[in-house]
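Participant:
In full-length UniProt numbering, the protein residues as written are 1 to 180.
This is the structure in structure tokens:
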């Protein structure tokens, strides 16, 4: 009579569809994944955990693209409204007021000169302003920029603080001043 262990892990090996080498279980900053054992010659990855957004509430409005209902979701970068049939339909409702303001007042990027500064949302849901040429240009500001030049250094952008004064957006200057 042979004794078999109570808990025995099934042993099956998956192979890389690119090169045929065995896949290894690895831990990354976004969780577990299978990576090719021939890395760095082969860069195949297979995530094991799906990062789906949680549905918080079903909304009465219909998706303008496919007609299914819209849902409020909690995703990686905060809450958003999107289509309930996500993999098939990729509709996401954006705040119209912010987009219209950004289109009306287009401020050119002072670093690259090619892009324009747009309002974006960070991971915690905070709004910041960054260059639309990202990742080539990484210029960003935590506050809404205005084309008010700094009287000290002459830098063309500043932002208004809560007390009504302005601050220069040049990181080397940061001069506080009143608007003329």
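Heads up, the beta-carbon is just placed ideally off N, CA and C, and yes, glycines get one too.
Going by CA-CA distance only, name the one from 124, 42, 58, 63 that's closest to residue 93.
Facilitator: For the purposes of this step, residue 93 is identified with residue 93 of the chain shown, where counting begins at 1. Comparing Cα positions, the closest option is 63.
Participant: Under three-state DSSP, which class holds residue 16?
Facilitator: Counting from 1 along the chain shown, the entry for residue 16 is found at position 16. Coil, per DSSP.
Participant: Helix or strand or just coil, what does DSSP make of residue 106?
Facilitator: Start at 1 with the first residue of the chain shown, and residue 106 comes out as number 106. Correct three-state label for residue 106: coil.
Participant: Could you tell me which residues DSSP pairs with residue 135 in its beta bridges?
Facilitator: Looking up residue 135 in the chain shown gives position 135. Bridge partners of residue 135: none, in fact.
Participant: Closest to residue 23 by CA distance: which of 30, 48, 29 is it?
Facilitator: The residue you call residue 23 lines up with position 23 of the chain shown. It is 48.
Participant: Please list the terminal residues of the continuous beta strand (DSSP E) segment that includes residue 91.
Facilitator: Start at 1 with the first residue of the chain shown, and residue 91 comes out as number 91. Where residue 91 is concerned, there is no enclosing beta strand (DSSP E), given that its DSSP letter is neither H nor E.
Participant: Hey, how far is the Cα of residue 128 from the Cα of residue 87?
Facilitator: In the chain shown, residue 128 corresponds to position 128, counting from 1. In the chain shown, residue 87 corresponds to position 87, counting from 1. Whole-angstrom Cα-Cα distance: 28 Å.
Participant: Which first and last residues belong to the beta strand (DSSP E) in which residue 47 is found?
Facilitator: Along the chain shown, one-based indexing puts residue 47 at 47. Segment 45–47, the beta strand (DSSP E) holding residue 47.
Participant: Among 91, 120, 139, which has the Cα closest to the Cα of residue 114?
Facilitator: Here residue 114 is taken as the residue at index 114 of the chain shown, counted from 1. Nearest C-alpha to residue 114: 139.
Participant: Restricting to Cα atoms, I'd like to know which of 119, 148, 134, 154 is closest to residue 142.
Facilitator: As a position in the chain shown, residue 142 is number 142, starting the count at 1. For the residues 119, 148, 134, 154, the minimum Cα distance to residue 142 belongs to 119.
Participant: Buried or exposed: which applies to residue 58, given that a residue is buried once 16 or more other Cβ atoms fall within 10 Å of its Cβ?
Facilitator: Reading the chain shown from its first residue, position 58 is the one you call residue 58. With fewer than 16 other Cβ atoms within 10 Å, it is exposed.
Participant: Ignore the nearest five residues each way along the sequence and tell me which others in residue 79's own chain have a CB closer than 8 Å to its CB.
Facilitator: Stepping through the chain shown from its first residue, residue 79 is reached at position 79. 56, 72, 73, 125.
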